[in-house]
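4 is the number of the first residue of the sequence shown in the working numbering; add one for each residue after it. Structure first, commentary second.
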Amino acid sequence: MAKTTPAPEAKAEPNFSPLQRRGETVGRAQKPQKDNRPEAAVQRKLHAAANNSPRVKQLQAIQRMANRAVAGKTAPIQKEATAKATLANHTALPDTLKSGIENLSGHSMDDVKVHYNSAQPAQLNAHAYAQGTDIHLGPGQEKHLP
4 MAKTTPAPEA KAEPNFSPLQ RRGETVGRAQ KPQKDNRPEA AVQRKLHAAA
54 NNSPRVKQLQ AIQRMANRAV AGKTAPIQKE ATAKATLANH TALPDTLKSG
104 IENLSGHSMD DVKVHYNSAQ PAQLNAHAYA QGTDIHLGPG QEKHLP
């Protein structure tokens, strides 16, 4: 007859959640522990040496100057944009087309004049043409504008 040995009783361990370990309290932030491995110490020294190098110091100074320059210019640009939005469009260009061209080119289209149903493009066998700051559209060609 075969002997059966009783199964060893499982050690009763308290039921901790993954976030709660022995000696820790839930809800309190733990202070990060310093990694004392030799590799980590070498890595910290290399990191400190790199951050204190003359090249990094120079790049940080340049970045600070650029940040100050951008911060100083941001507010006036935004004020100009709101001022431009209130100006009336006297060019006869559709507002969406005018603003799109200005955004893409960076140039103002305020001095451009559009002449609709002009007979001048027909003299050149064209539907439309531009000369200087004048744009001449032949009859019915305004349907191609937005």
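Even for Gly, the Cβ is constructed at its ideal location relative to N, Cα and C. All values reported here derive from a predicted model rather than from experimental measurement.
How should residue i be labelled, buried or exposed, when 16 other C-beta atoms within 10 angstroms of its C-beta is the threshold for buried?
i	result
A131	buried
L127	exposed
L96	buried
P3	Since the first residue shown for the chain is 4 and the last is 149, residue 3 is missing from the structure and cannot be characterised.
With DSSP as the reference, please indicate the residues paired to residue i in a beta bridge.
i	result
H147	Answer by DSSP bridge pairing: none, since H147 is not bridged.
I138	V117, A133
Can you tell me whether residue i is helix, strand or coil according to DSSP?
i	result
V115	coil
H50	helix
Q66	helix
R1	Any question about residue 1 goes unanswered here, given that the chain covers just 4 to 149.
S56	coil
Q33	coil
N128	coil
A91	coil
G103	helix
A122	coil
Can you determine whether any heavy atom of the ligand PLP sits closer than 6 Å to the C-beta of residue i, and answer yes or no?
i	result
L140	You won't find the ligand PLP in this model; it holds no ligand whatsoever.
Legend entry - Segment contact flag, the stretch 115-125 with the stretch 133-148, C-beta cutoff 8 Å, min 3 pairs: Yes: at least three Cβ pairs fall under 8 Å.
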